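*Asks:* Below is the structure I would like to discuss, written out as structure tokens.
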Amino acid sequence: MFGLMQDHPLLISSIFEHAISNYSKQEIVSNTVEGGIHRYTYFDWGKRTKQLANAFKSIDLKESDRVGTLAWNGYRHLEIYYATSSSGLVCHTINPRLHPDQVSYIVNHAKDKVLCVDLNILPLVEKASENFNTVKAIIIMTDNKNMVQPNIKDGIEVICYEDFIKDHSDQFNWPQLDEKTASSLCYTSGTTGNPKGVLYSHRSTVLHAYGMNLKDVVPYGIKDVVLPVVPMFHVNAWGTPYAAPMCGTKLVFPGAKLDGESITNLMNDEKVTISLGVPTIWLLLLNYLRDSGKKIDTVKRLVIGGSSCPRTLFEGFEDEFGAEVIHAWGMTEMSPLGTVNMPALGDEPKDRTEYYDQKLPQGRTIFGHQMKLVDDDGNDLPEDGETQGRLLSRGYWVLKEYFEDNTEKDRFLDGGWFDTGDVAKIDQDGFMTITDRTKDIIKSGGEWISSIDLERHICVGHPEVANILLSYLFHTKNRKEEKANCNCSANARENHLQKMIFLKMYSKVTENG
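Quick note on this note's numbering: the sequence shown kicks off at 2 and runs consecutively.
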């Protein structure tokens, strides 16, 4: 016997219609690529998004066609998010920090029909376009006043975004899609070989947004102001473009300006209460705040993910600036939210040292996601806080295979489990700590050493160090050992540093920080 409740599909268009119907006066603020602040309401966003959907329809895009974006966080990017997915197209966000050859590979593999590009990313697209196979049009995300004519491969039409939408109706009837319909596509470089596509569905995206808004996760509310510093091309800004409108939250987009001064000014001018980003960004902000003497008094929560968070960031923001730091973990393959570090019931720390000790793990999983540990033979391991094993994941918003790529099919296991590629331990209360990536863990003198542990102890916690790059040295006796390249030498636990070399150097970091 089945229940007698209504059965409506979980669709991104439902989030959109709920937001513009119930929170029409709420604001969306953007630091624009052209310069200056753009401000409008959810009501305005709704009208323009439907104009864009009609514009896409006018160029004969069919259901499930991919529309790529190479853009920073901003209001036009948000319009593209919803106009594509809600109308049955697939929003394919692409990382503009990649090499042109990688961009070409990703665009061709996804079979993008249209690319939407921010002005200051055009040089990358000019280089990459020579190898595009499927792109028919490039829409430059600007107005007629700032429009330029890039040097693009012959046969690809170049269109001004504002001209593209201006003559179209602001009414659009969203199709009643199957909730399993593809909604968006992100590529991850955290695998071997070429980047691999993760194809999200409407169902997985809506459920992920619900998960984010649980009380002890990253809940948004109508009185909150969220600044997603994490890029919209990095796993859909960790789901914020969906979770925030679901609750009527004010959105503030930083554009391309991610320096400490620009972020501080936005936080203070717009009275930001929540912000999300990777450790590298927060380190820049923390240093700027200390040097400038400025405050961020309205900020209540900073969510940190993308890579392991050093203790110094927790201490700096919480003790000096009164902003609670929330440690989270996830992957592109998980939409991305997997765990959040919120205190266990009755687990009150006895002092600040123990308080920060409790914050270092990646946290507990949230409803909708499961994880467990196994050994190299696939046997379940105990969750005792000591035993390390391969971390497996499954859930409502976890992938079941990569998009048109079977090169890592051995990561998809019986029971719907996905091998994350991480080594971790889980304690009796469900708190998970990432100890390493399986491909990064080091053996020296018979002992397993965590590269994450080295990063924390050698450099990231040292006040004179900005960055660290760990690389392998191969030793005939001890197998892999590590070389730490950083901009100073610092002391760590002696038995882990006997053969390490410190070099002064500066290196680019990934979008994960």
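All residues carry an ideal CB built from backbone N, CA and C; glycine is no exception.
Here the structure is a predicted model, which means the values were calculated and not measured.
So who's on the other strand from Ile-275, going by DSSP bridges?
*Replies:* In the sequence shown, the residue the question calls residue 275 occupies position 274. Paired residue(s): Val-227, Arg-302.
*Asks:* From the DSSP output, in three-state form, read off Thr-94 for me.
*Replies:* Looking up residue 94 in the sequence shown gives position 93. DSSP places Thr-94 in strand when its eight states are reduced to three.
*Asks:* May I have the straight-line CA-CA distance separating Gln-150 from Val-159, to the nearest angstrom?
*Replies:* Looking up residue 150 in the sequence shown gives position 149. Looking up residue 159 in the sequence shown gives position 158. Between Gln-150 and Val-159, the C-alpha separation is close to 8 Å.
*Asks:* I need the DSSP call for Thr-135, collapsed to helix, strand or coil.
*Replies:* Taking the sequence shown and counting its residues from 1, the one referred to as residue 135 is at position 134. If DSSP states are grouped into helix, strand and coil, Thr-135 belongs with coil.
*Asks:* Give the DSSP-derived three-state secondary structure of Trp-330 in the structure shown.
*Replies:* Indexing the sequence shown from 1 puts residue 330 at position 329. Looking at Trp-330 - three-state DSSP - the assignment turns out to be strand.
*Asks:* Going by C-alpha to C-alpha distance, which of Asn-407, Ile-95, Asp-406 sits closest to Met-233?
*Replies:* As a position in the sequence shown, residue 233 is number 232, starting the count at 1. The shortest Cα separation from Met-233 among Asn-407, Ile-95, Asp-406 belongs to Ile-95.
*Asks:* Look at the alpha carbon of Ser-185 and the alpha carbon of Lys-216, and state the distance between them as a whole number of angstroms.
*Replies:* For the purposes of this step, residue 185 is taken as residue 184 along the sequence shown, with counting starting at 1. For the purposes of this step, residue 216 is taken as residue 215 along the sequence shown, with counting starting at 1. Taking the straight line joining both Cα atoms gives about 26 Å.
*Asks:* Kindly identify the DSSP beta-bridge partner or partners of Gln-371.
*Replies:* The residue labelled residue 371 in the question sits at position 370 within the sequence shown. Partner(s): Arg-395.
*Asks:* Roughly how many whole angstroms lie between the Cα atoms of Lys-154 and Ser-309?
*Replies:* By one-based count along the sequence shown, residue 154 stands at place 153. By one-based count along the sequence shown, residue 309 stands at place 308. Their Cα atoms are separated by approximately 41 Å.
*Asks:* Under 8 Å, with one C-beta from each stretch per pair, do the region 374-383 and the region 344-359 reach the 3-pair mark?
*Replies:* Output reads no: the region 344-359 does not touch the region 374-383.
*Asks:* DSSP three-state call for Ala-183: helix, strand or coil?
*Replies:* Sequence index remark: in the sequence shown, residue 183 carries index 182 (1-based). Note: Ala-183 maps to strand in three-state DSSP.
*Asks:* Just mark Pro-311 as buried or exposed, buried being the case when its beta carbon has 16 or more other beta carbons within 10 Å.
*Replies:* To locate residue 311, count along the sequence shown from 1; it is residue 310. Per the 10 Å Cβ criterion, buried.
*Asks:* Beta-carbon separation of His-328 and Lys-360 under 8 Å?
*Replies:* Reading the sequence shown from its first residue, position 327 is the one you call residue 328. Reading the sequence shown from its first residue, position 359 is the one you call residue 360. Yes; because the gap between Cβ atoms is below 8 Å, this pair is in contact.
*Asks:* Identify, in the order they occur along the chain, each residue of the same chain with its Cβ nearer than 6 Å to the Cβ of Glu-448, setting aside the five sequence neighbours on each side.
*Replies:* Here residue 448 corresponds to residue number 447 of the sequence shown, with the count starting at 1. Interpretation of Glu-448 is limited by its pLDDT of 48, a score under 50 that renders its predicted location unreliable; no figure is taken from the coordinates.
*Asks:* Beta carbon of Ser-276, beta carbon of Val-227: below 8 Å?
*Replies:* Within the sequence shown, residue 276 is the residue found at index 275, counting from 1. Within the sequence shown, residue 227 is the residue found at index 226, counting from 1. Yes, the Cβ-Cβ distance between Ser-276 and Val-227 is below 8 Å.
*Asks:* Between which two residues does the alpha helix (DSSP H) holding Glu-321 run?
*Replies:* The residue labelled residue 321 in the question sits at position 320 within the sequence shown. Premise fails: Glu-321 is in no alpha helix (DSSP H) and is neither H nor E.
*Asks:* Report the rounded CA-to-CA distance for His-9 versus Tyr-221, giving the unit in angstroms.
*Replies:* The sequence position of residue 9 within the sequence shown is 8, counting from 1. The sequence position of residue 221 within the sequence shown is 220, counting from 1. Cα to Cα, His-9 sits roughly 24 Å from Tyr-221.
*Asks:* So within the region 94-164, which uninterrupted alpha helix (DSSP H) runs reach at least 4 residues, ignoring any that extend past its ends?
*Replies:* Complete alpha helix (DSSP H) runs here, min 4: 101-111, 123-129.
*Asks:* Which residues in the same chain as Gln-103 place their Cβ atom closer than 7 Å to its Cβ, once the five residues preceding and following it in sequence are excluded?
*Replies:* Within the sequence shown, numbered from 1, the residue matching residue 103 stands at position 102. Taken in chain order, the residues that qualify are Pro-196.
*Asks:* Tell me the residue span of the alpha helix (DSSP H) that contains Asn-55.
*Replies:* The residue you call residue 55 lines up with position 54 of the sequence shown. Unbroken alpha helix (DSSP H) run through Asn-55: 43-59.
*Asks:* Note the first and the last residue of the continuous alpha helix (DSSP H) segment covering Asn-288.
*Replies:* Numbered from its first residue, the sequence shown carries residue 288 at position 287. From DSSP, the alpha helix (DSSP H) with Asn-288 extends over 280-293.
*Asks:* Work out the CA separation of Arg-67 and Ala-129 for me, nearest whole Å.
*Replies:* On the sequence shown, position 128 is the one that residue 129 refers to. On the sequence shown, position 66 is the one that residue 67 refers to. Their Cα atoms are separated by approximately 18 Å.
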